[in-house]
Structure formats: structure tokens, C-alpha cells
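These notes concern the structure reproduced below.
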Amino acid sequence: MSADAALAEAQAALAGHAPLPRDESNLVFEEPWQGRALGMGVVALERAGASWAEFRVHLVAAIRRRPQRPGESAATAYYAAWLDALEALLAERGLLPPEA
Amino acid sequence: MTEDPKAGAHQPRQASDVELRARALEALLVSKGLVATDAVDAVIELYEHEVGPHNGARVVARAWADPAYRERLLADGTEAVAELGIAGAEGDNLVAVANTPAVHNVIVCTLCSCYPWPVLGLPPSWYKSLAYRARVVAEPRAVLGEFGLELPGDVEVRVWDSSAEVRYLVVPMRPDGTDGWDERRLAALVTRDCMVGTAVPRVPRGASP
Numbered sequence: 001m002s003a004d005a006a007l008a009e010a011q012a013a014l015a016g017h018a019p020l021p022r023d024e025s026n027l028v029f030e031e032p033w034q035g036r037a038l039g040m041g042v043v044a045l046e047r048a049g050a051s052w053a054e055f056r057v058h059l060v061a062a063i064r065r066r067p068q069r070p071g072e073s074a075a076t077a078y079y080a081a082w083l084d085a086l087e088a089l090l091a092e093r094g095l096l097p098p099e100a
Numbered sequence: 101m102t103e104d105p106k107a108g109a110h111q112p113r114q115a116s117d118v119e120l121r122a123r124a125l126e127a128l129l130v131s132k133g134l135v136a137t138d139a140v141d142a143v144i145e146l147y148e149h150e151v152g153p154h155n156g157a158r159v160v161a162r163a164w165a166d167p168a169y170r171e172r173l174l175a176d177g178t179e180a181v182a183e184l185g186i187a188g189a190e191g192d193n194l195v196a197v198a199n200t201p202a203v204h205n206v207i208v209c210t211l212c213s214c215y216p217w218p219v220l221g222l223p224p225s226w227y228k229s230l231a232y233r234a235r236v237v238a239e240p241r242a243v244l245g246e247f248g249l250e251l252p253g254d255v256e257v258r259v260w261d262s263s264a265e266v267r268y269l270v271v272p273m274r275p276d277g278t279d280g281w282d283e284r285r286l287a288a289l290v291t292r293d294c295m296v297g298t299a300v301p302r303v304p305r306g307a308s309p
């Protein structure tokens, strides 16, 4: 699947549950690592053959476990949870050691 | 990008814990063969530069400049945007609808938030709001008025309800005073809202002919 199609799918799957941070018209990345986190997700999910719906379950759980902290922006909190979710999904599939 | 105001402009910013964690995870995924750095770069490149309303603006500008292209666009939107190198999952059934002096088009997705993503980028939050979705069908003129778009009374307003199968793109009318403009200059007039139908292109005051 092309990257733009994968990204479109991500948008659709996460909307309403754990939507990507954005302003009126664009995705919001306050720092480059946040964009890389999203990019890693797109690439790794495709490589793992995992769906965005599956990822979403992990992401929603990760956001619940790690809510936004004082002094932290919403996008930082979101992408921090994103990293947790990506790690958890890949560990569940045996592609990463647990608690890597 | 947040910068510590105390840090000099040329000093590297101290990486936060979460940023370090992102780097560590990427290194791990690369070492496990799960991601390639250049593949991640390609995704980032895509959402930073390639996806966005400017894809749609290029399409509209071409249609304004080239009547044959306009015909192809209105006949088969998907094929016509593919000609310009634009493709994507949601562009698969793209229908372009042209505004005329007698008809103004506006798009909505009454069920959810279907949107011509590859040409317009990400939908604005209002597009997904229940208020817009419900009201634009029932009272389109009132909704357009709230966007600052007052249409003459004899203009018919057509509302196009998008779905997973069909996405619409509004082709606005080329504004007066743009004769001889090249496509690049024309494209700059075409905003996202013009292609949703909640605005029309305007030539900035004082623009040189």
C-alpha cells in the first residue's frame, strides 16, 4: 500500500477514537520527533501486516494509561502514547521483545 | 517546534525524555528490520509537502487554464487527477462538480467525514461537525452565509453527499481579472474552502493584471 493510502487509512481508523492532533487543516507536529513517530507507525504497521483498527485498540489503551501530564502539550502526550502503542502492538506480535 | 527561549539560536535544544524515547524506538525498529529510516522519511515528506489542498488547487488551476483538461476532469475526476500524478485510496472515485453562474456546489458527508483526502488533504474539523453535516443539507444558504458566502437568489445550490464510494471536488469559477495568469498563480487563489464549496476564489485587491 502506498504511504498516502496508509495515512488516509490511519486518519479514518483513528477518527473519533484517538484522532491525530491537528489544527483546522493540517496535522500538528510541534517537534520533528512527533512526525517521525507517525511515520514509524505507518511503516511498521505495514511491515507487520497489522491494521489501523488493531493499532487503535493499543493507542486508546495507551492514552488511558498515560494521560496528558502537567506542562505537556496535547500533541506531545498523544505521540508519547503512540510510541507506547506501537511498541505494545509489535511486542504482542512477537516482533519486539516485551518491555523493549 | 518548541525552543527553550533561554537557549541560543545556534545551540542544540535539549531533547526531552519522550523525544529520546522516540529515537530509541526508531533505532530498535530499524535494527529489527521493521522500519527503514528512508521509508519513514518518505511518509513525513508526504504529509509535509505532498498532501494538502494544493493538490486540489493544481487540479482546479489546470482546469481553468486548459478547457480540454476541464472536460476530462468533469468526465472522470479520478483519471484527470491521476494525470497530474495525484492518487490515493480515497481518490478512487472522485467526481468533480463545476460551479457556473447558475449553479453553486457544496460538498458534505452527512454520515461521517468522507472527504477527497488526496486532493484536499485533511478535512477541517467543521466539516466533520454534526452542525455542518446536518444543516448544510437542510439550509445550505444559511450555512454558506455563515461562511461569509452570499449567493445571488437565482443561483441554485447543489449539495453533494460524499460516501465511501464517491468523493466530490468542487471546481469553482475562475475569477475575473485573472486573464493571462499562469497556473501557479491561479492555483494560489484556490483555497480548500473553495473546493468544498464554502467559499469562492477572490483576486486580492491590488493584484497586478
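From first to last, the protein sequence lines are chains A and B. The opening position of the first sequence corresponds to residue 1 in our numbering, with each subsequent residue numbered one higher. The opening position of the second sequence corresponds to residue 101 in our numbering, with each subsequent residue numbered one higher. The beta carbon of each residue, even a glycine, is placed where N, CA and C say it ideally should be.
Supposed contact pair residue j and residue i - C-beta distance, whole angstroms, cut 8 Å
i        : j        : result
B/Val208 : B/Asp261 : 6 Å
A/Trp52  : A/Leu96  : The Cβ separation is near 19 Å, so there is no contact.
B/Val270 : B/Asn193 : With a Cβ gap of about 16 Å, B/Val270 and B/Asn193 do not count as contacting.
A/Arg93  : A/Ala50  : 7 Å
B/Val259 : B/Val219 : Not a contact, Cβ separation roughly 19 Å.
B/Ala182 : B/Arg172 : The pair is not a contact, with the Cβ atoms about 10 Å apart (cut-off 8 Å).
B/Gly248 : B/Pro153 : About 18 Å; that fails the 8 Å criterion.
B/Ala175 : B/Val290 : So it is not a contact: roughly 20 Å between Cβ atoms.
A/Ala75  : A/Gln34  : 6 Å
B/Leu210 : B/Val237 : Looking at the sequence shown, residue 210 of chain B is not Leu but Thr. Their Cβ separation, rounded to whole angstroms, is 6 Å, which keeps B/Thr210 and B/Val237 in contact under 8 Å.
Buried/exposed call for residue i, threshold 16 Cβ in 10 Å
i        : result
A/Ala62  : buried
B/Gly98  : With chain B running from 101 to 309 in the structure shown, residue 98 of chain B is simply not present.
B/Arg284 : exposed
B/Gly245 : exposed
B/Glu250 : exposed
B/Glu190 : Unreliable positioning characterises B/Glu190 in this predicted model, as indicated by a pLDDT of 44, which lies under 50. A coordinate reading is not provided.
A/Arg69  : exposed
B/Ala287 : buried
A/Glu9   : buried
B/Glu265 : exposed
A/Glu87  : buried
A/Glu24  : Confidence at A/Glu24 is low in this model, with a pLDDT of 49, below 50, so the placement of that residue should be treated as unreliable; the coordinate-derived value is given next. Classification of A/Glu24: exposed, given that the 10 Å Cβ count is below 16.
B/Ala307 : exposed
B/Arg170 : buried
B/Pro272 : buried
B/Pro216 : buried
Selection from the options that minimises the alpha carbon distance to residue i
i        : options                                   : result
B/Pro201 : B/Leu289, B/Arg274 and B/Trp281           : B/Arg274
A/Ser47  : B/Val143, B/Gly133 and B/Ile144           : Before going further, note that residue 47 of chain A is Arg rather than Ser in the sequence given. With distances taken between Cα atoms, A/Arg47 lies closest to B/Gly133.
B/Arg123 : A/Ala80, A/Leu90 and A/Pro19              : A/Ala80
B/Glu126 : A/Pro21, A/Val43 and A/Glu30              : A/Val43
B/Val197 : B/Arg267, B/Asp276 and B/Ser116           : B/Arg267
B/Asp254 : B/Val135, B/Glu183, B/Val203 and B/Val130 : B/Val203
B/Val135 : A/Leu45, A/Arg93 and A/Ala10              : A/Leu45
B/Asn205 : B/Val296, B/Arg305, B/Arg162 and B/Gly306 : B/Val296
B/Glu256 : B/Asp166, B/Glu239, B/Gly248 and B/Glu265 : B/Glu239
A/Ala3   : B/Leu129, B/Leu120, B/Leu146 and B/Ser116 : B/Leu146
A/Asp84  : A/Gly16, A/Glu72, A/Pro67 and A/Leu7      : A/Pro67
A/His17  : A/Leu90, A/Arg64, A/Trp33 and A/Glu72     : A/Arg64
A/Glu31  : B/Leu120, B/Pro153 and B/Ser263           : B/Leu120
B/Gly177 : B/Cys212, B/Val195 and B/Arg170           : B/Val195
A/Ala91  : B/Arg235, B/Pro153, B/Leu129 and B/Val236 : B/Leu129
A/Leu89  : A/Pro19, A/Trp33 and A/Val60              : A/Val60
B/Ala142 : A/Ala6, A/Leu20 and A/Pro98               : A/Ala6
B/Asp276 : B/Trp164, B/Val140, B/Ile186 and B/Val243 : B/Trp164
B/Ser263 : B/Trp281, B/Arg233 and B/Asp282           : B/Arg233
A/Ser73  : B/Ser116, B/Gly185 and B/Cys212           : B/Ser116
B/Gly280 : B/Leu184, B/Arg241, B/Asp166 and B/Pro252 : B/Asp166
A/Tyr78  : B/Arg305, B/Val118, B/Asp138 and B/Arg235 : B/Val118
A/Leu27  : B/Ile144, B/Leu184, B/Ala139 and B/Ala231 : B/Ile144
Next item on the list: Could you tell me whether the stretch 52–64 of chain A touches the stretch 28–38 of chain A, using the rule of 3 or more Cβ pairs below 8 Å?
Entry: no
Inspect the CB distances between the stretch 214–231 of chain B and the stretch 299–308 of chain B and report whether three or more fall short of 8 Å.
Of all C-beta pairs linking the stretch 214–231 of chain B to the stretch 299–308 of chain B, fewer than three are shorter than 8 Å, placing the two stretches out of contact.
Exercise. Note down, in chain order, all residues in the stretch 42–63 of chain A with a beta-carbon under 8 Å from any beta-carbon belonging to chain B.
Key: From the stretch 42–63 of chain A, only Val42, Val43, Ala44, Arg47 and Ala48 have a Cβ closer than 8 Å to chain B.
What are the residues in the stretch 61–84 of chain A lying within 7 Å of chain B by C-beta distance? Thr76, Ala80 and Leu83
task: Below 9 Å between beta carbons is the criterion; list the residues of the stretch 284–300 of chain B that meet it against any residue of chain A, in chain order.
output: Arg292
- Which residues, taken in chain order from the stretch 87–99 of chain A, show a beta carbon closer than 8 Å to some beta carbon of chain B? Glu87, Leu90, Leu95 and Leu96
Practice problem: Using a Cβ-Cβ cut-off of less than 9 Å, give me the residues of the stretch 2–17 of chain A that come near chain B, in sequence order. | Solution: Answer in chain order: Ser2, Ala3, Asp4, Ala5, Ala6, Leu7, Ala8, Glu9, Gln11, Ala12, Ala15 and Gly16.
Pull out every residue of the stretch 232–249 of chain B whose Cβ sits closer than 8 Å to any Cβ of chain A, in chain order. none
Along the stretch 119–131 of chain B, where does the CB come closer than 8 Å to a CB of chain A? Name the residues. Glu119, Arg121, Ala122, Arg123, Leu125, Glu126, Leu128 and Leu129
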